[in-house]
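Undergrad: By the UniProt record's numbering, the letter at position 96 of the sequence shown is numbered 96, and the numbering carries on one by one without gaps. Note that beta-carbon positions come from the ideal geometry of N, C-alpha and C, so glycine has one too. Have a look at this one.
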Amino acid sequence: MSSTECAICLDSLKNNLSALRCGHTFHSDCIAKWLVNQSACPCCKKTANHRTHVIPLYIDLTQRSDAESSSHTDANSQGNEKQLQTSNHQLRGQLDSCANQLKESRLENERLRKEASAQASKIRSYRSLQSVIDLQRRLSTEDARDRMRHWAMLPRDELGLITASLFEKYRDLTG
């Protein structure tokens with residue numbers, strides 16, 4: 001018999017409860033009927049009478065069931081705690097893996113930026129060389145050679161003006 005059962009009817013103690021002065025608890029109806037025929041506690045045999053020794057109890061048994069279930073909950077909590085620790089360990093591993101991937105991606109990104117910058121510099125150099133080649137091709141025509149001979153015979157002042165004009169045209173072409 002457990003402490004949650006009436007010692008007289010053996011049903012669970014849920015409502016309509018009374019206790020004797022000795023501390024034992026019963027259904028109010030059960031102890032009232034018992035004390036009509038007996039004058040002692042059914043559990044410990046201490047003297048009891050219905051008028052002076054029976055104390056009605058007004059308690060919320062959901063608290064008792066909560067207390068009883070707390071031991072069950074504690075066992076579940078320990079299992080859950082181990083499961084949570086395992087899950088936590090796995091998630092930390094995934095986090096470390098993601099952090100390493102991020103670090104590698106950032107390094108790769110930086111390497112690709114440097115490579116792109118180097119390629120852009122090569123492209124600028126190529127375009128400059130292409131401009132020089134185009135200029136040489138234009139200067140190598142017969143018309144350009146005649147113009148160069150004509151310029152060679154010009155006085156220095158006029159030659160300076162023509163050179164400045166050519167330099168500005170070159171800057172416009174390459175700019």
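Just to confirm before moving on: does the CB-CB distance between E41 and H24 stay below 8 Å?
TA: Reading off the sequence shown, one finds Cys at residue 41, where the question assumed Glu. Yes; because the gap between Cβ atoms is below 8 Å, this pair is in contact.
Undergrad: Going residue by residue through the stretch 18-104, where are the continuous beta strand (DSSP E) segments of at least 3 residues, counting only ones entirely within it?
TA: 25-27, 54-57
Undergrad: Measuring alpha carbon to alpha carbon, tell me which residue in I55, K46, K45 is nearest N16.
TA: Selected option, being the one with the closest Cα: I55.
Undergrad: Sort S121, R51, A152, E5 by Cα distance to C43 and report the nearest one.
TA: When S121, R51, A152, E5 are compared, the shortest CA-CA separation from C43 is found for E5.
Undergrad: Just to confirm before moving on: does the CB-CB distance between C30 and C9 stay below 8 Å?
TA: yes
Undergrad: Distance check for S87 and S12, CA to CA, integer angstroms please.
TA: 41 Å
Undergrad: How should W151 be labelled, buried or exposed, when 16 other C-beta atoms within 10 angstroms of its C-beta is the threshold for buried?
TA: exposed
Undergrad: Contact check, H50 vs A32 under 8 Å by CB: the rounded distance?
TA: Indeed they touch by this definition, with Cβ atoms about 6 Å apart.
Undergrad: To the nearest angstrom, report how far apart K169 and S121 are at their CA atoms.
TA: 24 Å
Undergrad: Just to check my reading of the structure: T174 and S117 have Cβ atoms closer than 8 Å, yes? What is that Cβ distance to the nearest angstrom?
TA: Contact flag wrong, Cβ pair sits at about 21 Å.
Undergrad: Buried or exposed for S77, please, with buried defined as at least 16 other CB atoms from any protein chain shown within 10 angstroms of its CB.
TA: Residue environment: S77 is assigned as exposed (fewer than 16 neighbouring CB atoms within 10 Å of its CB, all protein chains considered).
Undergrad: Go to C8, then tell me how far its alpha helix (DSSP H) extends in each direction, as first and last residue.
TA: The residue asked about is misnamed: residue 8 is Ile in this sequence, not Cys. No alpha helix (DSSP H) holds I8; DSSP gives it neither H nor E.
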